[in-house]
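To start, the structure itself, in structure tokens.
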Amino acid sequence: MGTNMPNITIYSTPSCPYCKMAKEYLAGKQFTYADIDVAADSAKADEMIKKSGQMGVPVIDIDGTIIVGFDKPKINAALGIT
């Protein structure tokens, strides 16, 4: 892994099991991320909807690549890992 860490934001809710899985997966791969609780922040929820075109969580933004849901192959591709 290079020294350039990607800019990762996870839009999530506390009760979402796939959000938790996505966060644990990224942490396990040694990636840091910003975790935004869209249930508590309506402005950030609106931002997430603008980025993803929908209201489901998680929405993962990796350097501008938007991934809806916990999709390991897409996450790995966006991170450049296998």
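The sequence shown begins at 2 in the working numbering and counts up one residue at a time.
Glycine included, C-beta positions come from ideal geometry on N, C-alpha and C.
On a predicted model such as this, the values are computed, not experimentally measured, just so you know.
Under the DSSP assignment, Asp-47 falls in the alpha helix (DSSP H) whose first and last residues are 43-53. When the five nearest sequence neighbours on each side are left out, the beta carbons in the same chain lying within less than 6 Å of the beta carbon of Tyr-34 are those of Ile-9, Ile-11 and Leu-27, in order along the chain. The shortest C-alpha to C-alpha distance from Ser-43 to any of Lys-75, Phe-71, Asn-77 and Ser-13 is the one to Ser-13. In the structure shown, Ala-23 falls within a helical segment according to DSSP collapsed to helix, strand and coil. Under the three-state reduction of DSSP, Ala-40 is assigned to coil, being neither helix nor strand.
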